[in-house]
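A.B. asks: I'd like to ask you about the structure that follows.
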Amino acid sequence: MTDYPHVFSPLTIGTTPVRNRIFVPAHTTNYGENNLPSDRHLAYHRARAAGGAGLSIFEAIRVHRSSLGRQQGVNGYDPACIPRFARISEAVRNEGGRLFGQIIHLGRHIDGNYTRTPAWSASDIPWAATAPPPHPMTEKEIAQVCQAHGDVAANLIDAGLDGIELTMSHGHLLQQFMSPASNIRDDTYGGSLENRLRFPLDTLREVRKRLGPDKTLGIRISADEYLPGGLTLDDMTGIVRHLAQEVQVDFVNVSHSAYHGSYTVSTQMADMAFDIAHFQPLTRAINAALDRMPQKPVVMTACRYQRVAQAEDMLATGGADMIGMARAHIADAAIVFKAQTGREAETTPCISCNQGCAGMLALNLKITCLSNPTAGRESEWPTPSLVSTGAPKRVLVMGGGPGGMEAAATAAELGHSVTLVERQDILGGALLWAAKMPLRKEFATLLHSQKSRLERAHVTVLLGTDAGPDLTHDGFDMVIHATGATPRAQSIASGGHALTLEAAIGDPDMLGRHVTLVDSLGTWSVASVAEWLTDLGKSVTLIAPTGNPGWAISMYSSFALRQRLKDKQVRIISNHALADFADGMVHLTDLSLGIASASIAADSVIAPLAAKPRHLRKQSGGKKIVNSIAIGDCQSARTALEAIYEGHECARTL
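Residue numbers (my numbering): 376 to 1029.
This is the structure:
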């Protein structure tokens, strides 16, 4: 008897039977090649179907040239896409899953540099302060795009996909027409709600007409735009019910947010600072609005579902009919299968760090995963048990941080004999302090998972053991250096140094009431500590020499971070640098003018610099020079994303 009876009960969506209640929502991977589905897509979706997902929805299939955006964006109107989609659909079905296709026009979010076309939208309102104004679509263009949705839907059904999801969410084109925040037209497509719904409703009708009544069709909606002047939950409950009354809608996939250069975009893929309970009421309200319809659509939901137990809770309370787990499936393609077979403890966790997924999206790079470096590399790096080495080696891993643990666990899973030494009395390395931050505490979940992998793989772990020159390497065929880096802080002109983050976290009481932080790193580290210190009741001033704190954090988290810093009254001083700290005063340099600026009172100053890699020492075992490789911060101080990737990669090359 499964622990999750609701999750593992089958259902039918329209005319599509699905084996369980977990689906992989459409999410951008950037795996497209020349605007077509790729072999990487095929391996990615096959792995998740093999891992037990009942349904996968293929990402953002563009319906028109004006919506391509970049060569990684997949289109559905080129006939060359049909056989490629057919291969993916067949692969998913052969693993027991089902595949829908999400059709979309992104509207004003496309800058046009790739196709040399302007962005299209309802009105000429840019999506961000740095974006160009879009082209307000003519009625002829509206008709073209409406028909294009129908054409692409038909192509995907011809390719063997099981159903279609029409995108009316996340501030993309159809939502741009629906929302009064982006539609200020004065023709029959603007003004009243009836007019603003005209294009989306016509498009829904067109797609249903092309599919006929026997093919599965649903919509993805944002239940709240989280945008001033935008669509609210009250608006959307009425809109969704109206759409489902006018056209046969087999499912409603409930999301939230608008792709807009403000707080709302940081809710779209909510990071670990958000609680799942923040979003669940949206789905419950949409579900309730559809009650008592003669043919009630299946209600689906997503966002921050990291564990199958969370899905079971939502299903058991009647909040939804299916639960979407996108990032959780990036972290572990077999999350559903492991839950079904009593191996849930082996699941590689999604910690909602948004570094490998959303962070790569912001750079227009292929997504990966901090927890799971094999995401998107399923063909290159298959499950270790499937490719166990025929020539096992004795491997020594020096350093028990996230990179060292990943290297040790992966090497052992591949069949090597592995010993890991760590000079501290606890594993975790630089992530130990991150796990102390309340809003970054899910890193502790990752560390627990890595330690469990070491145990399952029978890695010999030696704590409190210095990985220095006195450690004998006799008998080892390979040494992996994962010794990390030594924290550093900015020097003070009048003598001494500011505090490192590690020193500050180790003894927050000695910091005093008024604390100044300098963010020269741009990662989560300084911003996380700033939030933490305010939660401890301290008054925090954050110096941002580059202009913005956390400048390396993607917009999918940074707008929410800035809002929290504002709410917590963190004072931010941009384009200034620390000049000196003496007699309780912080002296700053105005970088825009190159002159001294006003001074501020402080009890302490925290000004971390990039950590200094710990030097490697050439080691020998007996008379034989032992082969070695360096990974992570002992090469160059960066983040856990790089350390874990390099740990996994080096283990694969042994």
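Beta carbons are placed, not taken as given, at the ideal position from N, Cα and C, and that holds for glycine.
Within the same chain, show all residues whose beta-carbon is closer than 7 angstroms to that of Ala784, passing over the 5 residues directly before and after it, in chain order.
C.D. replies: Gln825, Arg828, Leu829, Ala832 and Val834
A.B. asks: On the DSSP bridge list, what partners appear for Val961?
C.D. replies: DSSP lists Phe956 and Ile975 as partners of Val961.
A.B. asks: Around the C-beta of Leu968, are 16 or more other C-beta atoms found within 10 angstroms, so that it is buried, or is it exposed?
C.D. replies: exposed
A.B. asks: CA-CA distance, Lys741 and His524?
C.D. replies: 26 angstroms
A.B. asks: For a test of the three-state rule: what should DSSP assign to Ser754, helix, strand or coil?
C.D. replies: Here Ser754 sits in coil by DSSP.
A.B. asks: By DSSP, does Phe654 sit in helix, in strand, or in coil?
C.D. replies: coil
A.B. asks: How is Gly778 classed by DSSP in three states: helix, strand or coil?
C.D. replies: helix
A.B. asks: Taking C-alpha atoms, which residue in Phe552, Glu514, Ser496 and Ile596 lies nearest to Met543?
C.D. replies: Ranking the options by Cα distance to Met543, first place goes to Ile596.
A.B. asks: Taking only the alpha-carbon atoms, compute the straight-line gap between Leu411 and Gly897 and give it to the nearest angstrom.
C.D. replies: Going from the Cα of Leu411 to the Cα of Gly897 covers about 35 angstroms.
A.B. asks: Based on Cα-Cα distance, which residue from Ala873, Leu602 and Gly535 lies nearest to Ser557?
C.D. replies: Leu602
A.B. asks: Pick helix, strand or coil for Thr835, following the three-state DSSP scheme.
C.D. replies: strand
A.B. asks: Looking at C-alpha atoms only, which residue of Ala714, Gly804, Ala701 and Pro757 is the closest neighbour of Ser733?
C.D. replies: It is worth fixing the name first, because residue 733 is Ala in this sequence and not Ser. That would be Ala701, whose Cα lies nearest to the Cα of Ala733.
A.B. asks: Assign Arg423 to one of three DSSP states: helix, strand, or coil.
C.D. replies: helix
A.B. asks: Just the C-alpha distance for Tyr555 and Gly566, rounded to the nearest angstrom, thanks.
C.D. replies: The displayed chain sequence assigns Pro, not Tyr, to residue 555. In a straight line, the C-alpha of Pro555 is about 8 angstroms away from that of Gly566.
A.B. asks: Alpha helix (DSSP H) containing Leu576: first to last residue?
C.D. replies: Residues Arg573 to Leu586.
A.B. asks: For the beta strand (DSSP E) containing Ala648, name the first residue and the last one.
C.D. replies: Ala648 -> no beta strand (DSSP E), and no H or E assigned at all.
A.B. asks: Assign Ala1015 to buried or exposed, taking buried as 16 or more other Cβ atoms, counted over all protein chains shown, within 10 Å of its Cβ.
C.D. replies: buried
A.B. asks: For the beta strand (DSSP E) that Met553 lies in, which residues bound it at each end?
C.D. replies: Counting along the chain, Met553 sits inside no beta strand (DSSP E); it lies in the alpha helix (DSSP H) bounded by residues Leu548 to Met553.
A.B. asks: Helix, strand or coil for Ala864 per DSSP?
C.D. replies: Looking at Ala864 - three-state DSSP - the assignment turns out to be strand.
A.B. asks: In terms of residue numbering, what span does the alpha helix (DSSP H) encompassing Ile880 cover?
C.D. replies: Leu876 to Gly881
A.B. asks: Strictly by DSSP, which residues pair up with His1023?
C.D. replies: The partner list for His1023 (beta bridge, DSSP) is empty, contrary to what the question assumes.
A.B. asks: Distance check for Ile614 and Phe574, CA to CA, integer angstroms please.
C.D. replies: Their Cα atoms are separated by approximately 13 angstroms.
A.B. asks: Keeping to the same chain, check which residues put their C-beta closer than 7 angstroms to that of Arg421; ignore five residues upstream and five downstream.
C.D. replies: Ala466, Val467 and Glu470
A.B. asks: At a cut-off of 7 angstroms, would you count Ser637 as near the ligand COA, judging by its Cβ distance to the nearest heavy atom?
C.D. replies: Among the components of this structure there are no ligands whatsoever, and the ligand COA is therefore not found.
A.B. asks: In this structure, what does DSSP give as the bridge partners for Leu771?
C.D. replies: Thr794 and Val854
A.B. asks: Taking the straight line between their C-alpha atoms, what separation do you get for Asp955 and Ala982?
C.D. replies: 11 angstroms
A.B. asks: Run the CB neighbour count on Glu1017, radius 10 Å, all protein chains shown included, and call it buried at 16 or more, exposed below.
C.D. replies: A residue is called buried when at least 16 other Cβ atoms come within 10 angstroms of its Cβ; Glu1017 meets this threshold and is buried.
A.B. asks: Does the beta-carbon distance from Gly593 to Gly636 come in below 8 angstroms?
C.D. replies: no
A.B. asks: Could you tell me which residues DSSP pairs with His990 in its beta bridges?
C.D. replies: For His990, which the question treats as bridged, DSSP gives no partner whatsoever.
A.B. asks: For Phe475 versus Glu516, is the C-beta distance shorter than 8 angstroms?
C.D. replies: no
A.B. asks: On a Cα-Cα basis, can you pick out the residue from Ser496, Leu940, Gly959 and Val915 that is closest to Gly925?
C.D. replies: Leu940
A.B. asks: Please confirm if the region 436 to 454 is in contact with the region 719 to 728, defined as three or more CB-CB distances below 8 angstroms between the two stretches.
C.D. replies: no
A.B. asks: Could you spell out the range, first to last residue, of the beta strand (DSSP E) harbouring Glu408?
C.D. replies: Where Glu408 is concerned, there is no enclosing beta strand (DSSP E), given that its DSSP letter is neither H nor E.
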